[in-house]
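The structure appears right after this line, and notes come after that.
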Amino acid sequence: MIWRQSLAIHRRLYRVRHSDKQNSRTSGGGRVKFLALLFVIFAILIVVRLFYLQVLRGGFYAALALGQHELYKKLFPERGSIYVIEDNGRDKSLFPLVTNRQLNLLYAVPAKIANPEETAQKLFEILGRAENIDIKQVEKDLFADISPALDPKLAEEIKSNRREKWHEDQEKAEIERLTKILSKKDDPYEPIRHRLTDEQVEKIRALKIEGLDFSEEAWRFYPEKGMGGHIFGFLGFSGDKKRGQYGLEGYYDKILSGQIGEIRSARDVWGDIIAIGRHSLKEKVDGSSLVLTIDRAIQYKACQSLYAAVDRFKAEGGSVMVMNPKTGAIIAMCGAPDYDPDQYNKIENINVYNNPAIFNAYEPGSIFKVITMAAALDAGKIEPETAYIDTGSVKFGPYTIKNFNDKIYGQRTMTEVLENSINTGAIWAMEQATAKVFTKYVKDFGFGQLTDIGLEKEAAGDIANLDKKGEIYPATASFGQGIAVTPLQMLTAYAAIANGGKLMKPYIVSQIINDKNEIQNFYPQEIRQVISSKTSTMLSAMLVSVVESGHGKTAQVPGYRVGGKTGTAQVPRKDGRGYSSDVDVSFVGFAPFADPKFVMIVVIFKPQYGKEAVVINGPVFADIAKFILQYYNVPQDK
Amino acid sequence: MCKFWKPEKCNHHFPELNKRKNNIRLLARFFTPNKIATMLVLAVMGVGFIYLMETNIGATKGYKISDLGKKAEELKQEYDKLNLQYIELQSMANIINKTSDLNLVAIDNIEVINQLGSAVALR
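Protein chains in written order, with the numbering used here: chain A, 1 to 638; chain B, 639 to 761.
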């Protein structure tokens, strides 16, 4: 009995315990599941986050990590300089026309600037007005409405007031601009001003303003002002990269710029290089330097004379070039309007960047008659004394070609044709040689082809008319109309005439010096013998006669026999066929006759006054020629 | 009887061996464990001192080199600046500007002296 009671109690107890256990199991299992779910959700979140960090943004964070434990730095090469050779009679040295200099960039960390207004005010006191303002242009605009007829005293007073007002406005605007920049509290970097002088840097440092700092920048430096920007071109931006454009900077960009190097190394936690870590170095290669054939003194003289002529005759532009006829080396090359490569972004019209000497293909006019004579003489069809009768005009179908000012010269020799620049005489000479032979000589002289002088943006000219059917085309070309040539082509052709008939390839770079000081020389290259030596001598004598007794008298240099030819060509209309009232005037010549030291071309485009080569170009030529002959110590020959 | 496992009894056979043995005994008596420990400590200290000295000398030299390198760079920059000034002063525009104050006269009408050829003066 007792045993049964005890068993019953045990069973009850067991049930109670069992049921408690079951209950507890049921409620405890829910919590576990909940917890497990939380873990799963948490794990999923981690996986999603990891997927985002490592897959979607993996590249970014990898780069970020790489940046922290790896040093990578580009090593920028120094751009090559452009030199000319200075010969003082005893020794030769290189003088840089274009080189580099380090200037300072002022930048701000606006987040650290405590008082933007005060800082802006103090900076303006040191830096002055905003850069890239062309004061000449500003004044031109400011005073545009002031009549020249106004009383000079009153005009000056008005100008002074306006100038003062403009400066006040500029100051206000610049301080406002700087304040705005310095007030950007979230901005970690803002460049303030480029090209600061050392004095300006010292003054700003003395202000001890937190948040202002400097870094060095390499800039091109042009020690010679007024030497012409067309030869050099400039170092400008192409996208976000600096690239040489136009002139030598453009043509020799790869050679001048060198090769970028790089350093890659592992860094420790403090950012220092780990000496035994991964390390790679690709050395930078500095750019090579160019040595030009240009003579600094002659270049300066040529440029100044050209600028004066263009200014005096209110011309649209002009070009002067001087060449050594024996080698083809360019001694001077100057164009107008000019620009300062240091301030290349200040020009209004990008056409100014083009070098008129190699880019402007124009109708040369009467200076081309010499090419016609060269063809006819060399073909043996005429002699300098060969005579013909000028009737004042020549008819080609519906077209009638007349002489300048409708003049009729009657019987004239070929020398007189050049002396008086007779159009019909040139046509007659061309006809003696035949159009086919004439065209061959024109091409042999290099017209219609690039000279490959080594400057960017060269034009080939246009002599396509000579290949057209019709007598009129070679007829007009014989006196320099209906074809287009560049001043450089014209100069090179005349150089051949002065050089015994040998056409030399024009060149402006005589040496390339690489970063290891190894020199690559450029030597004179003869392209071909265009005319015989005899023809060359005869034609040279005819050209001397033009200057001595013909249209080129203003180009005479006392004591020297100078040969040359004037040319005044009408400018084709842009809005249709025919010619406008504008003219391009040219003079090409050489001196001294017996042993030419130089050949020079002076071209003035669309002068408003003068309008004749004998008036404009002759004196410019004579001025420069006299300087060159004295500079070279050339003995007088008459 | 001289037995090989008792070499001390065989001095007459291996006199050299006996001599080396004596030397070792002497060395063992001199280089007691305490002495060796002291010497090792001293050696470590000595090497440590030399290392510190060399490191210091190296660091000082490195600093001097870096300082001289910095000075050389500064001098190069100064030289470059002076060179640019020198070049600028030699520019044509600057020369013409400077000479304009000197009232110089342009060369004109140069007379060239003709050579006399083979003619010579008589005494």
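We put the beta carbon where it would ideally sit given N, CA and C, even for glycine. Being a predicted model, the structure only gives us computed values, none of them experimental.
Bridge-paired residues (DSSP) for A591(A):
According to DSSP, A591(A) bridges with F598(A).
is_contact[L740(B), chain A] using C-beta, thresh 8 Å:
No, no contact with chain A.
At the 8 Å Cβ level, is S729(B) part of the contact set with chain A, yes or no?
Judged by the 8 Å Cβ criterion, S729(B) is in contact with chain A.
What residues from chain B crowd round R101(A), counting only those whose CB sits closer than 9 Å?
Going along chain B in sequence order, the residues near R101(A) (Cβ under 9 Å) are D718, K719, L722.
Identify whether R528(A) lies in helix, strand or coil by the three-state DSSP scheme.
Three-state DSSP puts R528(A) in a strand.
List the residues of chain B whose Cβ lies closer than 8 Å to the Cβ of K225(A), in chain order.
Ordered by position in chain B, the residues that pass the 8 Å Cβ test against K225(A) are S729, A731.
Using a Cβ-Cβ cutoff of less than 6 Å, which residues in the same chain neighbour A63(A) once the five nearest sequence positions on both sides are dropped?
Within its own chain, no residue has a Cβ closer than 6 Å to the Cβ of A63(A) once the five positions on either side in sequence are excluded.
Buried or exposed for V599(A), please, with buried defined as at least 16 other CB atoms from any protein chain shown within 10 angstroms of its CB.
So V599(A) counts as buried.
Starting from K165(A), trace the alpha helix (DSSP H) in both directions and tell me its first and last residue.
Start and end: 152-182.
Quick test of the definition: if touching needs 3 or more C-beta pairs under 8 Å, does the region 286-306 of chain A touch the region 175-194 of chain A?
The region 286-306 of chain A is not in contact with the region 175-194 of chain A.
Cβ of P96(A) within 8 Å of any chain B Cβ:
Yes, P96(A) lies at the interface with chain B (some Cβ there is under 8 Å from its Cβ).
Per-residue contacts from I745(B) into chain A (C-beta, under 9 Å)
What I745(B) touches in chain A: Q630.
Below 7 Å between beta carbons is the criterion; list the residues of the region 421-436 of chain A that meet it against any residue of chain B, in chain order.
Contact residues of the region 421-436 of chain A toward chain B are absent (C-beta to C-beta distance below 7 Å).
On the criterion of 16 or more Cβ atoms from any shown chain inside 10 Å, does I624(A) qualify as buried, or is it exposed?
Residue environment: I624(A) is assigned as buried (16 or more neighbouring CB atoms within 10 Å of its CB, all protein chains considered).
I'd like to know whether the C-beta of E712(B) is nearer than 8 Å to at least one C-beta of chain E.
The chain inventory of the structure shown lacks chain E, comprising the protein chains A and B.
Could you spell out the range, first to last residue, of the alpha helix (DSSP H) harbouring M227(A)?
Neither: M227(A) is in no alpha helix (DSSP H) and is coded neither H nor E.
Three Cβ pairs or more, each shorter than 8 Å: is that satisfied between the region 314-323 of chain A and the region 274-291 of chain A?
No contact exists between the region 314-323 of chain A and the region 274-291 of chain A.
From L38(A), R49(A), A433(A), A173(A), pick the residue whose C-alpha is nearest to that of E117(A); which is it?
When each option's Cα is compared against that of E117(A), the closest is A173(A).
Under 8 Å between the Cβ atoms of A594(A) and V583(A)?
Contact flag unset, no.
From the DSSP output, read off the bridge partner residues of E431(A).
DSSP lists no partner for E431(A).
Which class does D286(A) belong to by DSSP, given the choice of helix, strand or coil?
Correct three-state label for D286(A): coil.
Are the beta-carbon atoms of G258(A) and E283(A) separated by less than 8 Å?
No, these two residues do not count as a Cβ contact at 8 Å.
State the Cα-Cα distance for the pair R129(A) and Q170(A), rounded to the nearest angstrom.
Looking at the two C-alpha atoms, the distance is approximately 6 Å.
How far does the beta strand (DSSP E) with L75(A) in it reach, from first residue to last?
Per DSSP, L75(A) is one residue of the beta strand (DSSP E) stretching across 70-75.
Chain-ordered chain A contacts of E726(B) [CB-CB under 7 Å]:
Here the neighbours are P223.
Have a look at G564(A), S581(A), V614(A), S93(A) and flag the residue whose alpha-carbon is nearest the alpha-carbon of V571(A).
It is S581(A).
Report the start-end ranges of each alpha helix (DSSP H) in the region 684-752 of chain B that is 4 residues or longer and not cut off at the edges.
With a minimum length of 4 residues, the continuous alpha helix (DSSP H) runs that stay inside the region 684-752 of chain B are 730-737.
Would E224(A) pass as a contact of H194(A) if the rule is Cβ separation under 8 Å?
Contact flag unset, no.
Chain A contact residues for I748(B), given Cβ-Cβ distances below 7 Å:
For I748(B), the chain A residues whose C-beta falls within less than 7 Å of its own C-beta are Q630, listed in chain order.
Taking DSSP as the reference, what is the three-state secondary structure of D444(A)?
Here D444(A) sits in helix by DSSP.
Contact set between the region 283-301 of chain A and chain B, restricted to residues whose Cβ is under 9 Å from the partner:
Within the region 283-301 of chain A, the qualifying residues are R296, A297, Q299, Y300, K301.
Look up Y399(A) in the DSSP assignment and give the residues it is bridged to.
The bridge partners DSSP lists for Y399(A) are F396(A).
What are the boundary residues of the beta strand (DSSP E) that includes I331(A)?
Start and end: 330-336.
Stretch-stretch touch, CB-based, cutoff 8 Å, three pairs: the region 197-216 of chain A with the region 109-116 of chain A
Between the region 197-216 of chain A and the region 109-116 of chain A, the count of Cβ pairs shorter than 8 Å is three or higher; the stretches touch.
List the residues that DSSP assigns as beta-bridge partners of D462(A).
Answer is A484(A).
Report the rounded CA-to-CA distance for Q432(A) versus Y523(A), giving the unit in angstroms.
Going from the Cα of Q432(A) to the Cα of Y523(A) covers about 38 Å.
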